[in-house]
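Novice: One structure, pasted below without further comment.
Numbering (this note's numbering), first residue to last: 1 to 351.
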């Protein structure tokens, strides 16, 4: 390849797996410089966002492992053990958000936020001496996004001393700054639980749900350009039992898996159109699931089948009449904060 034009080398190497890019950087100084440019990383990342590059990261008390997804059976493949590159205690790490191969994680023994690329093992601490970048579980919310200038940013909503504060971290500037955040006073109650943020179409979305039957459920939206917050309604689901809404970006359209019920759970799939929810499909009530297992559920939709998964593997399959998606689309988080589905890229957590 040494005799090929640099444009041709660029085109070839933006289409190879991330780990091949890492090895290729050691070929020569010219390749190292090329493969480290922002343009190369941006194009390679966009071409890596395909189902075959998706991996499942699972963390328990003893191991951290990465699994491929077997598309013939829609199950997890053989694991590869990953050594966490940062200080931790018994793998006590929460995965809060992910985007384009980067994970935003919290070290639970120090409450520090980090950006981490598990493919390249590079990471960046986001905490500061004045307590910015410190995450409190069950009180805070975090979302990871990229702006039009390809600057990766972390939105951190903090609930402290009966006051909400919000901050944005810029990877480009390596700096936190405060932004205005106004919301209803009742949402300060610890009875309201935030989801991690889901980035879709220039907006970060969070579900905010009151933790009892018949409680209030809303969606909080953050426009990344104006940096303004607003509230929109939850899909019109029954509130006579357990309610859970999980957001997912599908082809740059926001969808929600809304689960409702008590001993039997019904799951509906909704899509957001101009701040209004439209039901895409419903499934019959699913078999009863223990609360401990339900806490780790995620969902995959592909080729007309809906797979209900846990971090132990496939739980069961729901066959659908419609085929809204043709590729594997995971939700963005496991409720246990001990796993994530991510794409292997060479995106760096720092500049």
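Note that the Cβ used here is the ideal one computed from N, Cα and C, for glycine as well.
For residue 217, would you say it is in contact with chain D, using Cβ-to-Cβ distances shorter than 8 Å as the test?
Specialist: You won't find chain D in this structure, because it holds only one protein chain.
Novice: Residues bridged to residue 28 by DSSP?
Specialist: DSSP, once it has assigned bridges, lists no residue as partnering residue 28.
Novice: Check whether the Cβ atoms of residue 261 and residue 241 sit closer than 8 Å, and answer yes or no.
Specialist: Less than 8 Å separates the beta-carbon of residue 261 from that of residue 241.
Novice: Any chance the stretch 59-68 sits against the stretch 21-40, with 3 or more Cβ pairs inside 8 Å?
Specialist: Cβ pair count under 8 Å is below three, so no.
Novice: Using C-beta distances below 7 Å, list every residue in its chain close to residue 125, excluding the 5 sequence neighbours before and after it, in chain order.
Specialist: 112, 114
Novice: Under the rule that 16 or more other beta-carbon atoms within 10 Å means buried, what is residue 7, buried or exposed?
Specialist: exposed
Novice: I think residue 86 touches residue 40, with their Cβ atoms under 8 Å apart; what is that distance to the nearest whole Å?
Specialist: Contact flag wrong, Cβ pair sits at about 26 Å.
Novice: For residue 251, tell me which candidate among 96, 244, 200 has the shortest Cα-Cα distance.
Specialist: The residue with the shortest Cα to Cα distance from residue 251 is 200.
Novice: Taking only runs that begin and end inside the stretch 191-250, name each unbroken alpha helix (DSSP H) of 4 or more residues, in chain order.
Specialist: none
Novice: Return the Cβ separation of residue 349 and residue 117 in integer angstroms, given the expectation that the two are a contact with Cβ distance under 8 Å.
Specialist: 6 Å
Novice: Indicate the three-state DSSP secondary structure (helix, strand or coil) for residue 55 in the structure shown.
Specialist: strand
Novice: Report the option in 178, 179, 218, 155 whose CA atom is closest to the CA atom of residue 186.
Specialist: Cα-wise, what sits closest to residue 186 is 218.
Novice: Tell me which residues share the same chain as residue 123 and place their Cβ nearer than 8 Å to its Cβ, disregarding the 5 neighbours each side in the sequence.
Specialist: Result list for residue 123: 85, 86, 114, 115, 116, 117, 349, in chain order.
Novice: Run through DSSP, which three-state label would residue 8 get?
Specialist: Looking at residue 8 - three-state DSSP - the assignment turns out to be helix.
Novice: Check whether the Cβ atoms of residue 194 and residue 132 lie closer than 8 Å to each other.
Specialist: no
Novice: For residue 186, which of helix, strand or coil comes out of DSSP?
Specialist: helix
Novice: Taking its Cβ as the centre, do 16 or more other Cβ atoms sit within 10 Å of residue 340, making it buried, or is it exposed?
Specialist: Residue 340 is buried by the Cβ-count criterion.
Novice: For residue 49, does the three-state DSSP call read helix, strand or coil?
Specialist: coil
Novice: Let's test the definition: count the other Cβ atoms within 10 Å of the Cβ of residue 365 and tell me whether it reaches 16, buried, or not, exposed.
Specialist: There is no way to answer for residue 365, as the model of the chain reaches only from 1 to 351.
Novice: Identify every run of the alpha helix (DSSP H) within the stretch 131-186, keeping only runs that are complete inside it and at least 4 residues long; order them along the chain.
Specialist: none
Novice: Got a sec, what are the start and stop residues for the beta strand (DSSP E) residue 352 sits in?
Specialist: The requested residue 352 does not occur in the structure, where the chain is confined to residues 1 to 351.
Novice: Would you check if there are 3 or more beta carbon pairs closer than 8 Å linking the stretch 203-213 to the stretch 132-147?
Specialist: Three or more beta-carbon pairs drawn from the stretch 203-213 and the stretch 132-147 are found closer than 8 Å, and the two stretches are therefore classed as touching.
Novice: Alpha carbon to alpha carbon, how far is residue 259 from residue 269? Give it in angstroms, no decimals.
Specialist: 9 Å
Novice: Could you name the residues of the same chain whose beta carbon sits closer than 6 Å to that of residue 156, not counting the 5 residues immediately before and after it, in chain order?
Specialist: 142, 167
Novice: Going by DSSP, which residues form a beta bridge with residue 344?
Specialist: As computed with DSSP, residue 344 is found in no beta bridge at all.
Novice: Could you check which residue in 178, 197, 160 has the C-alpha nearest to that of residue 189?
Specialist: 160
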